[in-house]
Structure formats: structure tokens, C-alpha cells
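Per my numbering, the very first residue in the sequence shown carries number 1498; after that it's consecutive.
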Amino acid sequence: MEYKLKGHQKVYLVVKRLLDIIFSFIGICFLSWVYIILIILQLIFNRGPVFFVQTRVGRKGKNFKLIKFRSMSKNVNHEMTSDEIGDINNYTNKFGHFLRKFSLDELPQFFNIFVGQMSFLGPRPLIDKGRDSETIKIRRENGSINLRPGLSGLAQISGRVNLDAIKKGEIDGEYYKNFSMLMDIKIIFKTLLKVVRSEDYEKTEEKK
């Protein structure tokens, strides 16, 4: 059953969007030198397209183009799911592993956040295909599809590698129902801890 946001949650939703705009803009400006260095290194070590662009399901079920630094072979089909790819090690080189280990391939999504297609925190954007379709269906049922997808989220700090499609959808619903600044602060700290420890970085290009 779809949950309806309460008054204070709707207010925080507006505040959260303003914070997304401010911090994504600051991040883009502050990290501009990092973008330049990574682009150069991409051209040297990962010959081919610098960016990985893929259609994902966003807020209210609308599709958008997610942008990442490419960490996999240029020959990999952009519409393949993790189940179809299998062992990620067969498609990445050392630089690709480096990008993924420290989540540097996610940095271009600051632009997705700035224009309003994503948020820093929320359900991860998925492909409407395979097992992801099951998660999206559950999101529609519990209402979490109404949130902007996030760079990180409650499911990601709950053991993203081992979660099945149904459990992911349920956790997204839990986040939607308990949506608050306090919860987001907790997710931020746990996400940073995972990045520092390089935990659960063995992700596919599509599923990260």
C-alpha cells in the first residue's frame, strides 16, 4: 500500500532539493580539477568513451540518462544487467577497479543531482529490466518511486551486494515512510564509512 508523506516530510523534501542544488554545485566547482585528471587518465588507461551513459528509472517512473565515468570495457552493452554481465572482473582493467573501489566513477552524477534528476540520498536508480523491474514494481506499490533516486541510500548501507530485488524494494519503502533529515544524516555517515573502507565495491556498471 502506498504511503503518503506527512506535512513535515513534504517540507523536508523541499529543503532537501535546495541542499542538493547547493552541494552539487559546490561539489562540481570544488572537484573540477579531479574531473579533469580522471578524464585524462580515462583517455590513457580506458581508451574509448570517457563517460558511461545509461537510461535509468527516476522519480515518478520517468526515465533519465545517468552519467558515470566508464569503468568497464567499451564493448559492454550499456543495457546489460548485472545478471547478464556475470563476473565484473572480466570487463574491467586496473584503472576501472580503482574508479569503482573509491566510487570515483559516481562523480559525474553530481550533474544529474544539480539538474534535479537525482538526489544525494534516495533509492538507487535502476534499469527497468530483469530483477530490477521487480524492485521498481515494489517501489510503485509503496510510493518510494515518488522520490528522486539517490547517489546512495538506505539499501546501499544495508548490504547492497547481498540484497535481493524484493528486499531492496521493501527497504526503499521503509526509507520513504521514515523519510527525515535525521535518517539522511545517518545514511551519509554510514556511506562515507563504507567508501573509506572500500566495502562492497564489487558492483556492475549498471547496479552500483
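Every residue gets a Cβ at the ideal spot worked out from N, C-alpha and C, and that includes glycine.
Considering only their Cβ atoms, is the gap separating residue j from residue i smaller than 8 Å?
i     : j     : result
P1605 : I1564 : yes
R1440 : A1662 : This structure does not reach residue 1440, given that the chain is present from 1498 up to 1705, and the question cannot be answered.
G1666 : Y1500 : no
S1616 : R1645 : yes
L1623 : F1566 : no
I1682 : G1558 : no
L1538 : F1592 : yes
D1669 : R1637 : no
G1650 : R1621 : yes
S1568 : L1535 : no
I1525 : F1611 : yes
N1590 : N1543 : yes
G1555 : Q1506 : no
Considering only C-alpha positions, which residue in the set the options is nearest to residue i?
i     : options                    : result
G1647 : F1595, N1590, R1553, D1661 : R1553
S1655 : I1685, G1613, F1527, I1635 : I1685
Y1673 : C1526, G1619, R1556, E1603 : G1619
S1521 : S1630, N1609, S1570        : N1609
Residue i and residue j look like a contact to me (Cβ under 8 Å); what is the Cβ gap, rounded to whole Å?
i     : j     : result
K1562 : V1550 : 5 Å
F1607 : V1692 : 15 Å between Cβ atoms; not a contact.
L1515 : L1502 : Contact flag wrong, Cβ pair sits at about 17 Å.
If you reduce the DSSP assignment to three classes, tell me which class residue i lands in.
i     : result
L1540 : helix
K1501 : coil
V1512 : helix
N1675 : coil
F1592 : helix
F1686 : helix
V1554 : strand
K1559 : coil
G1647 : strand
F1599 : coil
Would you say residue i touches the ligand FMN, meaning its beta carbon is less than 7 Å from a heavy atom?
i     : result
P1546 : Summarising the ligand content, the structure contains no ligands, and the ligand FMN is consequently not present.
Going along the chain, which unbroken runs of the beta strand (DSSP E) with 3 or more residues stay wholly within the region 1602-1627?
-> 1616-1618
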